[in-house]
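Just so we're aligned: the sequence shown equals residues -20 to -1, 1 to 473 in mature numbering (1 follows the signal peptide of the UniProt record, and there is no 0).
Cβ coordinates follow ideal geometry from the N, Cα and C atoms, glycine included.
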Amino acid sequence: MKLFIAAALLLIARQQGVNATPEGLEAIPTNPDDFDEPAWEAILEIAFPTWAAPEGGCPRLDSVGGKMDCPNKCWIALVSRKPPTKSNFSGTLLEGYTFPTPEAGKFNPCYYTKAFAGLDPILGGYPTPIDTHYPYEFAAPFLKQPGDGSTHHCTSSDPLVDVGSCPKQNAAPDGACDGIKDCAGITDEYGIGHIPPFVALASVKNGYNDGKDVCKDWFHFPTSGCNIKKSALDELVYEYFGVGTTIQFQPPILIDGAPSSTYYKLEYVGESPACDDGNCRGPHYCSKEVSDAGGIWGDFCPYVLTGENSGLYRHPHLALAALELWIANQCMPDNCPSTWLDSPNGQGYGTDSKTATSITWSEMADNSDAMSQPALPYAWPNKGDGIFPGYEMLYPEGSLTKPAPGMYVNQYVSVAEEEHHNDEAEHDGEHEDHDDHSHEDVTGDEAEPAPAPEEGGAGTSRSLMQGTNDRTYQATLYLGGFILAVGGFIIAN
């Protein structure tokens, strides 16, 4: 029934479309209530069909950092079967809303945290960028370090390190990104560095709407399955966002009331009044207490959980995966089904948490509450005594790594120590995962570019065995990376 409704929405939206269409293919459906941008909700529903959505909308808190005081009908009753036990914050779950009932083989329509990403959909998460084969993720390997599997490469064994302060693999070695906030380098070693998925998403949308010969030029099933070939995606990204040896882009927001070049509505960034205190971190709705504490990665905070958009956040890498599959299904219908779980990428997804691409979570104020804020004082990793993933859930017993198939950066990604510490002191707590991009000014002019780093401050890559004083940790990283690669190869074959 939901697929029928989604298809009907697509049909209606297509009639509003004004873009060019590749010959023989359908127009990308558009949403007339969203600047005629793609109808992302309908496209996502086709690829990632959801559990029955609750009537009246998803449950919501009356304020960011609220507590769930409803043991008989809360999310935790569905997942952990235990009532909430504690909360550091004020606010309550508004009455009159019910949580959806999980359904096997479908996804959560009320999404509050990426803690369960990479795990069985019955737990409420969605595939990670590693799972969807996003080529610009450059994820850190799974070696029990803070930020494992994220875009942040933390080399410190300190469990209290701010994951968001750890560097990404996106630096331009020639300094071409110096002083430019939203910029990634292009190198001989890696090609295009880490860019947020909304950049690739905009590139695919633009290329499709420009009438390119997508079936001929974008896909090659024997080598890339139902994903767009990386070489084709590279060319698209550079065509629309390339500047010299860099990729430069705008945040996916409204700028002066109009869509930016990467606009993507479903991040619901910085909504008022929930974020009026400067407490939110991109699309992550941290409480004022967590924000003021500093040193806590914003991604550990929940997504929008107040107001009418509560629970409606959707990752841009999922929109990209859905759009890719929607196109691939037209070009190669015998090989590429319309639903992601039935596609080549979805085979075996979520069947074993010990091989999942999930990030080890932090301790939460209430480990049985999916809307919870990070615990204060901050603690990592999660103890695993509730619904959030810790070592026990994600790693084989006694192992320093895990065989999670995927592409990882087995290089030490660094920035100059002095620059790192100065930045951490000045912007403590403002670091974001670029999948969930940081947008401090969501309505006005584009944000001012970041100040240029001091000489020698540009990011570099070198062997894991260099640049840190913790030799034991270095050895663990090096050996773990090798084991990870071997394990991933065995599983994949």
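For residue i, the three-state DSSP class (helix, strand or coil)
{"i": "Gln310", "result": "helix"}
{"i": "Cys50", "result": "Low confidence applies to Cys50: its pLDDT is 47, below 50, so where it sits in the model is not reliable, and the reading given next is rough at best. Coil, per DSSP."}
{"i": "Val393", "result": "strand"}
{"i": "Met373", "result": "helix"}
{"i": "Ile166", "result": "strand"}
{"i": "Phe87", "result": "strand"}
{"i": "His113", "result": "coil"}
{"i": "Ile8", "result": "coil"}
{"i": "Gly36", "result": "coil"}
{"i": "Thr30", "result": "strand"}
{"i": "Glu3", "result": "coil"}
{"i": "Leu41", "result": "strand"}
{"i": "Leu74", "result": "coil"}
{"i": "Ala238", "result": "strand"}
{"i": "residue 503", "result": "One cannot answer for residue 503 here, as it falls past the ends of the chain, which runs -20 to 473."}
{"i": "Pro383", "result": "coil"}
{"i": "Leu292", "result": "strand"}
{"i": "Leu120", "result": "Per the sequence shown, residue 120 should be read as Ala rather than Leu. DSSP places Ala120 in coil when its eight states are reduced to three."}
{"i": "Pro101", "result": "helix"}
{"i": "His297", "result": "helix"}
{"i": "Gly171", "result": "strand"}
{"i": "Pro147", "result": "coil"}
{"i": "Pro232", "result": "coil"}
Start-to-end residues for the alpha helix (DSSP H) that takes in residue i
{"i": "Ile23", "result": "20 to 27"}
{"i": "Cys195", "result": "194 to 197"}
{"i": "Thr203", "result": "201 to 204"}
{"i": "Val249", "result": "Run containing Val249: none; DSSP gives neither H nor E here."}
{"i": "Ala273", "result": "268 to 273"}
{"i": "Ser211", "result": "210 to 221"}
{"i": "Asn189", "result": "177 to 189"}
Local Cβ density within 10 Å of residue i, reported as buried at 16 or more and exposed below that
{"i": "Arg451", "result": "With a pLDDT of 37 at Arg451, under the threshold of 50, the modelled position of that residue is not reliable, and the figure given next carries that caveat. Arg451 is exposed by the Cβ-count criterion."}
{"i": "Pro147", "result": "buried"}
{"i": "Lys185", "result": "buried"}
{"i": "Asp214", "result": "buried"}
{"i": "Ser252", "result": "exposed"}
{"i": "Phe122", "result": "buried"}
{"i": "Gln327", "result": "exposed"}
{"i": "Leu140", "result": "exposed"}
{"i": "Pro357", "result": "exposed"}
{"i": "Thr331", "result": "exposed"}
{"i": "Phe221", "result": "buried"}
{"i": "Lys245", "result": "buried"}
{"i": "Gly205", "result": "buried"}
{"i": "Thr340", "result": "buried"}
{"i": "Gly237", "result": "exposed"}
{"i": "Thr203", "result": "exposed"}
{"i": "Lys196", "result": "exposed"}
{"i": "Pro376", "result": "exposed"}
{"i": "Cys50", "result": "Caution applies to Cys50, whose pLDDT of 47 falls short of 50 and renders its modelled position unreliable; the value that the coordinates give is listed next. Its Cβ being crowded by 16 or more others within 10 Å, Cys50 is buried."}
{"i": "Ala152", "result": "buried"}
{"i": "Ala(-1)", "result": "exposed"}
{"i": "Pro232", "result": "buried"}
{"i": "Phe15", "result": "exposed"}
Limits of the beta strand (DSSP E) - the one that residue i falls within
{"i": "Gln228", "result": "226 to 228"}
Pick from the options that is closest to residue i, judged by C-alpha positions
{"i": "Gly171", "options": "Gly224, Ile110, Ser379", "result": "Gly224"}
{"i": "Pro115", "options": "Asp138, Gly98, Cys281, Gln149", "result": "Gln149"}
{"i": "Ser183", "options": "Gly173, Pro89, Cys195, Tyr218", "result": "Tyr218"}
{"i": "Lys161", "options": "Pro176, Thr167, Gly278, Asp168", "result": "Pro176"}
{"i": "Leu374", "options": "Thr30, Lys124, Ile233", "result": "Lys124"}
{"i": "Asp100", "options": "Pro231, Cys206, Val389, Lys334", "result": "Lys334"}
{"i": "Glu117", "options": "Asp190, Tyr392, Val393, Met387", "result": "Met387"}
{"i": "Tyr329", "options": "Cys206, Ala384, Asp197, Ser241", "result": "Ala384"}
{"i": "Ala359", "options": "Ile208, Asp138, Ala254", "result": "Asp138"}
{"i": "Asp346", "options": "Gly237, Phe15, Arg261, Asn362", "result": "Asn362"}
{"i": "Pro34", "options": "Ala27, Cys90, Leu5", "result": "Cys90"}
{"i": "Ser338", "options": "Cys38, Leu74, Thr131, Ile233", "result": "Thr131"}
{"i": "Gln353", "options": "Ala97, Pro39, Ala27, Val44", "result": "Val44"}
{"i": "Phe79", "options": "Cys266, Ala350, Gly258", "result": "Ala350"}
{"i": "Tyr243", "options": "Asn259, Glu6, Pro18", "result": "Pro18"}
{"i": "Glu343", "options": "Tyr371, Ser323, Asp158", "result": "Tyr371"}
{"i": "Gly127", "options": "Leu300, Ala336, Asp279", "result": "Asp279"}
{"i": "Pro109", "options": "Leu298, Cys157, Tyr293, Pro2", "result": "Leu298"}
Integer Cβ distance of residue i from residue j, believed to fall under 8 Å
{"i": "Gly85", "j": "Leu321", "result": "6 Å"}
{"i": "Trp31", "j": "Thr93", "result": "Actually they are not in contact, since the Cβ atoms of Trp31 and Thr93 sit about 16 Å apart, beyond 8 Å."}
{"i": "Ala164", "j": "Phe368", "result": "That pair is no contact at about 31 Å."}
{"i": "Asn309", "j": "Pro317", "result": "7 Å"}
{"i": "Asn189", "j": "Ile8", "result": "7 Å"}
{"i": "Val194", "j": "Cys311", "result": "7 Å"}
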